[in-house]
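The first sequence lines up with residues 3 to 212 when you count with this note's numbering.
Each residue gets a CB set at the ideal place from its N, CA and C atoms; glycine is no exception.
Note that the structure is a prediction, hence the values are computed from the model and not measured.
What follows is one structure encoded as structure tokens, with my remarks underneath.
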Amino acid sequence: MDVTTLIEESFAGVFEPQLIKEIVDVATLVEFDENDILIDFGQYMRAMPLLMKGAIKIMREDFDEGELLLYFLEKGDTCAMTMACCVGTKKSEIRAIAETAGVVAMIPVAKMEEWMGKYKSWRAFVFQSYNSRFNELLSAIDNIAFKHMDERIESYLNEKSKVNNSRILTQTHQEIAYELNSSRVVISRLLKAMENDGKIKLNRNNIELL
DNA sequence: ACATTAATTGTGT
DNA sequence: ACACAATTAATGT
């Protein structure tokens, strides 16, 4: 795979050519498959990932048992948690799981700090990244606090369909329940209701959005 | 081709 | 939430 093309494709509009060149020089490309665990709770991070290809879901572990999906990362995104962890050498508070197969470019911490002073576009990118993650967190909180489960499933399905570029999602009800931190029976019932409303079509192991 | 088993989904309490 | 029924996929004989 051609490193330069891939990076240019993902960040051409965002970084100045000079910076892209530097990224190409120092970045290590890492490929991953669907469902790979990229970062786990309590893990330390030594490099900052830039997502080039594919999609990653960011999960938060609940107090006792169970997980909750916070948001998805797509091409051109980076993980805000990682940026904080890198500079402070703190443990990760989140888990990152590959939603689809894809590629990340790993940037050494030293470089990322150097670029903060050197490149305006890098600073802007980092701040903008923080900002948009923050906003996604807010909407995740809105979903949990103010929306009922049926609405949560709907927005979940929509996001899922967006990151996978498909109207058909191959997910079991159990898996959905896990990501929304609910129970399978509740999901099944609500999905059934949505099917009756003509919003979706249910098959075994896959859900079709209409 | 058939029987058995496991996994997924549906429903009533 | 729990229990159980029904349906479908996977596997062995």
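Rounded to whole angstroms, how far is the Cβ of residue i from the Cβ of residue j, which I believe are closer than 8 Å?
{"i": "Arg186", "j": "Gln173", "result": "About 12 Å separates the two Cβ atoms, so there is no contact after all."}
{"i": "Ala107", "j": "Met54", "result": "6 Å"}
{"i": "Glu138", "j": "Tyr73", "result": "4 Å"}
{"i": "Val165", "j": "Ala98", "result": "About 14 Å; that fails the 8 Å criterion."}
{"i": "Met50", "j": "Thr84", "result": "5 Å"}
{"i": "Met113", "j": "Val32", "result": "The sequence given here has Lys at residue 113, not Met. Incorrect: roughly 16 Å between the Cβ atoms, too far for contact."}
Nearest CA to the CA of residue i: which residue from the options?
{"i": "Ile96", "options": "Glu63, Lys201 and Ser163", "result": "Glu63"}
{"i": "Ile146", "options": "Ser12, Leu70 and Lys122", "result": "Leu70"}
{"i": "Leu52", "options": "Glu161, Lys93, Val111 and Glu36", "result": "Val111"}
{"i": "Glu24", "options": "Tyr121, Leu159, Leu182 and Asn205", "result": "Tyr121"}
{"i": "Gly68", "options": "Leu182, Lys203 and Gly200", "result": "Leu182"}
{"i": "Asn167", "options": "Glu101, Leu21 and Lys203", "result": "Glu101"}
{"i": "Leu75", "options": "Val32, Cys87, Ala29 and Glu161", "result": "Glu161"}
{"i": "Leu21", "options": "Glu116, Ser141 and Ala103", "result": "Glu116"}
{"i": "Asn37", "options": "Tyr158, Met114 and Ala103", "result": "Ala103"}
{"i": "Phe34", "options": "Ile41, Asp4, Val105 and Lys59", "result": "Val105"}
{"i": "Leu40", "options": "Thr80, Phe148, Ile9 and Ser141", "result": "Thr80"}
Skipping 5 residues on each side, what residues in its chain have a beta carbon closer than 7 Å to that of residue i?
{"i": "Arg135", "result": "Ala82"}
{"i": "Ser184", "result": "Met151"}
{"i": "Lys201", "result": "Leu212"}
{"i": "Ala203", "result": "Position check: residue 203 holds Lys in this sequence, whereas Ala was assumed. So the list reads Glu197, Glu210 and Leu212, once near-sequence residues are dropped."}
{"i": "Tyr132", "result": "Ala82"}
{"i": "Lys59", "result": "Leu71, Phe74, Ile99 and Glu101"}
Kindly list the residues whose CB is nearer than 8 Å to the CB of residue i, restricted to its own chain and excluding five residues on each side of it in sequence; keep chain order.
{"i": "Ile170", "result": "Asn208, Ile209, Glu210 and Leu211"}
{"i": "Ser163", "result": "Arg169, Leu171 and Leu211"}
{"i": "Met61", "result": "Glu69, Leu70, Leu71, Leu72, Ile96, Arg97, Ala98, Ile99 and Glu181"}
Might you give, ordered along the chain, the residues of its own chain that have their beta carbon closer than 6 Å to the beta carbon of residue i, omitting 5 neighbours on each side?
{"i": "Ile178", "result": "Ile189"}
{"i": "Thr6", "result": "Val26"}
{"i": "Gly78", "result": "Ser12"}
If contact is defined by three or more beta carbon pairs under 8 Å, each pair taking one atom from either stretch, is the segment 148-168 in contact with the segment 38-48?
no
At least three beta-carbon pairs within less than 8 Å, the segment 9-25 to the segment 119-133:
yes
Give the list of continuous beta strand (DSSP E) stretches no shorter than 3 residues that lie fully inside the segment 94-167.
97-100 and 104-110
Mind listing, in chain order, the continuous alpha helix (DSSP H) runs of no fewer than 4 residues lying wholly within the segment 11-83?
19-28
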